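Engineer: Let me give you the structure first, and then I'll get to my questions.
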């Protein structure tokens, strides 16, 4: 399964994909997300080490949710999502 398909399957309710730029010859996909009326662009690697697909996708999701929270000036929520992202590396 491709990384983008894995990411789509892991999106939490309320986080949607608005636009995708998947150019051949590039190692990453540019994705525009929307959550609670806030849009944020992030990047997803097209490939990763086998067995780490979910973690890579979760990092993108947590990063986007933290960015949305920061744009809403909700630092507590942003810290929550950043802590979840950090915990993936633990």
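In the numbering used here, the protein residues as written are 147 to 236.
The beta-carbon is built from N, C-alpha and C at its ideal position, and this holds for glycine as well.
Since this is a predicted model, take the numbers as computed values, not measurements.
If you draw a straight line from the C-alpha of residue 202 to the C-alpha of residue 178, how long is it?
Structural biologist: Distance between the alpha carbons of residue 202 and residue 178: 17 angstroms.
Engineer: Using the three-state DSSP reduction, which class does residue 194 fall into: helix, strand or coil?
Structural biologist: Residue 194: coil per DSSP, three-state reduction.
Engineer: Do you know how far the Cα of residue 211 is from the Cα of residue 221?
Structural biologist: Each residue's Cα considered, the two are about 12 angstroms apart.
Engineer: Using the Cβ count rule (16 or more neighbours within 10 Å means buried), how would you classify residue 206?
Structural biologist: Its Cβ being crowded by 16 or more others within 10 Å, residue 206 is buried.
Engineer: Taking all protein chains shown into account, decide if residue 175 is buried (16 or more other Cβ within 10 angstroms of its Cβ) or exposed.
Structural biologist: Burial call: buried.
Engineer: Find the nearest neighbour of residue 217 within the set 235, 182 and 196, judged by alpha-carbon distance.
Structural biologist: The shortest Cα separation from residue 217 among 235, 182 and 196 belongs to 182.
Engineer: Measuring straight from C-alpha to C-alpha, what distance separates residue 215 and residue 170?
Structural biologist: Rounded to whole angstroms, residue 215 to residue 170 spans 32 angstroms at the Cα level.
Engineer: Does the Cβ of residue 159 have 16 or more other Cβ atoms within 10 Å, making it buried, or fewer, making it exposed?
Structural biologist: Looking at its Cβ environment, which holds fewer than 16 other Cβ atoms inside 10 Å, residue 159 is exposed.
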